[in-house]
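J.: So that we are looking at the same thing, I have put the structure below in structure tokens.
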Amino acid sequence: MTLTWTDLQKKRLRELNCSDALEMRCFSSAEEREAAFKQEETTLKRQAREHLARLREETRRPALCRLESTLVEALIGAGFVQVSTPVILAKSMLARMTIDDSHALFSQVFWLDDKRCLRPMLAPNLYTLLKDLLRLWSKPVRIFEIGSCFRKESQSANHLNEFTMLNLVEWGLPEAERLSRLQEMAALVMAAAGIEGFSLQQEESVVYGDTIDVMLGDLELGSGAMGPHVLDGLWGMTGTWMGLGFGLERLAMVREGRRNVRSVGKGLSYLDGVRLNL
Ligand code: ATP
Ligand code: MG
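Residue numbers for the sequence shown follow the numbering used here, so the first one is 21 and each next one is one higher.
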């Protein structure tokens, strides 16, 4: 007879951040399984308490907050200017991203009323700022924002309803340099996040047409795009550009060796990856 963990046991071990090997363990009897569960849960709870103690005494800031600071330093060091824009977005701004009721992302939008929503992405606000900045500053103009975005998502280890997006854009660079700059900036963000072994993959995106995804195995960490782009005209803009968007919770999850984004994201049941019902 080969037994695996019960569903409840598996759920508990996962929320305590067990390894894949532990999750896959098999047993020859229910007694053996119960004894193993008790022992493993105790060990994982002890490790969780130790992590919380280190948070209190040493790091003092969750991985997500530390990652944000590290990325800000790396990007301003690379000549990018940080901007901060509103979370509340006008419906007309979404329409200019061609996100209307026939669009896949439209059903994922959290509406506040019939004219305003919580932003599902940073791009509309960055387009708006860039339009002014390109008048005021010489090219290339380099800006980035790190802030909350909101999307209705079905349950997944890699999706949150509220997540933190990093979006960087470089506008007005020589056309021939766009791809190499995109690769360079993807590498800079990965290095700052302490993530090795990523790859770049060409993908089709519903919003941006062709995108270049930053992947770690099967997990999408970020998406990049280049212009001139069909959307630019809707914002009254022309020019060459490259941009990248990353989800900070996914980066923090990978960096910290956690099993799901929820444990490192904004939340009340976890603190810095640790489930608090210990
Ligand atoms: P996916 O296909 O994985 O749902 P996406 O292609 O819809 O992601 P983008 O619009 O490209 O996502 O957003 C840029 C990045 O933001 C993604 O690469 C991912 O890291 C992150 N991201 C997107 N949606 C979420 C979410 N719901 N929760 C956490 N991170 C997200
Ligand atoms: Mg994407």
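Just so you know, even glycine gets a beta-carbon here, dropped at the ideal spot from N, CA and C.
1. Return the bridge partner residues of Ser243 from the DSSP annotation.
2. Measuring CA to CA, which of Leu33, Asp40, Glu43 is closest to Thr62?
3. Kindly examine the ligand ATP and report whether one of its heavy atoms sits closer than 7 Å to the Cβ of Glu173.
4. On the CB-based measure, 16 or more other CB atoms within 10 Å of its CB, does Leu254 come out buried or exposed?
5. Just confirm the distance between the C-beta atoms of Glu269 and Gly285, as a whole number of angstroms; I'd bet it's less than 8 Å.
6. Over the uninterrupted alpha helix (DSSP H) stretch that includes Ala56, give me the two end residues.
7. Going by beta carbon distance, what residues of the same chain come within less than 6 Å of Arg171, once the five residues before and after it are set aside?
8. Go through its chain and collect everything with a Cβ distance to Pro160's Cβ below 7 Å, but skip five positions before and after it.
9. With a threshold of 7 Å, establish whether the CB of Ser243 neighbours any heavy atom of the ligand ATP.
10. Per DSSP, Ser168 is paired with what?
11. Pick from Leu28, Ala68, Ala41, Glu60: whose alpha carbon is nearest that of Leu296?
12. Have a look at Thr184 and Glu51 and give me their C-alpha separation to the nearest angstrom.
13. Taking DSSP as the reference, what is the three-state secondary structure of Gln102?
14. How big is the Cα-Cα spacing for Gly167 and Phe57?
T.: In short:
1. Beta-bridge analysis with DSSP links Ser243 to Asp233, Gly265.
2. Leu33
3. Yes, since a heavy atom of the ligand ATP falls inside the 7 Å radius drawn around the Cβ of Glu173.
4. exposed
5. 4 Å
6. 50-74
7. Gln128, Pro140
8. Glu190, Trp191, Gly192, Leu193
9. Here the distance from the Cβ of Ser243 to the nearest heavy atom of the ligand ATP is below 7 Å.
10. Thr184, per the DSSP bridge assignment.
11. Ala68
12. 44 Å
13. strand
14. Rounded to the nearest angstrom, the gap between the Cα atoms of Gly167 and Phe57 is 40 Å.
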